[in-house]
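A.B. asks: Quick note on our numbering: the sequence shown kicks off at 1334 and runs consecutively. After the structure tokens below, expect a handful of questions from me.
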Amino acid sequence: MTAAPSTHTTQANAEQRYSVTRADLPLSCPTPSMALWNSHPRVYLPIEAEGEVQCPYCGAHFVLQD
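Written out as structure tokens, the structure reads:
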């Protein structure tokens, strides 16, 4: 029996710094492209005002690229 192919491109919490664009908003951690099975609950992060934000669960740092 073969394993089902993964539809996710990024392992959740694999990095500590992520660059995101306005097309990625609203921003959540983990992002929709991350596998969720080994991660924390999804939390939406307010990045628009400051241009960067840190996830309170995993400490990942997100930077908004304009």
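Positions of the beta carbon are idealized from the N, C-alpha and C atoms, including for glycine.
Straight-line CA distance for C1362 to V1376?
C.D. replies: Looking up residue 1362 in the sequence shown gives position 29. Looking up residue 1376 in the sequence shown gives position 43. If I take the Cα positions, the gap works out to 5 Å.
A.B. asks: In the DSSP assignment, find the beta strand (DSSP E) that holds S1361 and state where it starts and stops.
C.D. replies: Here residue 1361 refers to the residue found at position 28 of the sequence shown. Note, S1361: beta strand (DSSP E), 1360-1362.
A.B. asks: Roughly how many angstroms separate the alpha carbons of Q1387 and A1368, rounded to a whole number?
C.D. replies: Taking the sequence shown and counting its residues from 1, one reaches residue 1387 at position 54. Taking the sequence shown and counting its residues from 1, one reaches residue 1368 at position 35. Those two C-alpha atoms are separated by around 19 Å.
A.B. asks: Do Q1398 and T1364 count as a contact pair if the criterion is CB distance below 8 Å?
C.D. replies: Locating residue 1364 in the sequence shown gives position 31, counting from the first residue. Locating residue 1398 in the sequence shown gives position 65, counting from the first residue. Their beta carbons are not under 8 Å apart, which means T1364 does not touch Q1398 by this criterion.
A.B. asks: Is it buried or exposed for Q1393, if we count other Cβ within 10 angstroms and need 16 for buried?
C.D. replies: Along the sequence shown, read from residue 1 onward, the residue named residue 1393 stands at position 60. In the sequence on display, residue 1393 carries Ala and not Gln. Buried, because 16 or more other Cβ atoms sit within 10 Å of the Cβ of A1393.
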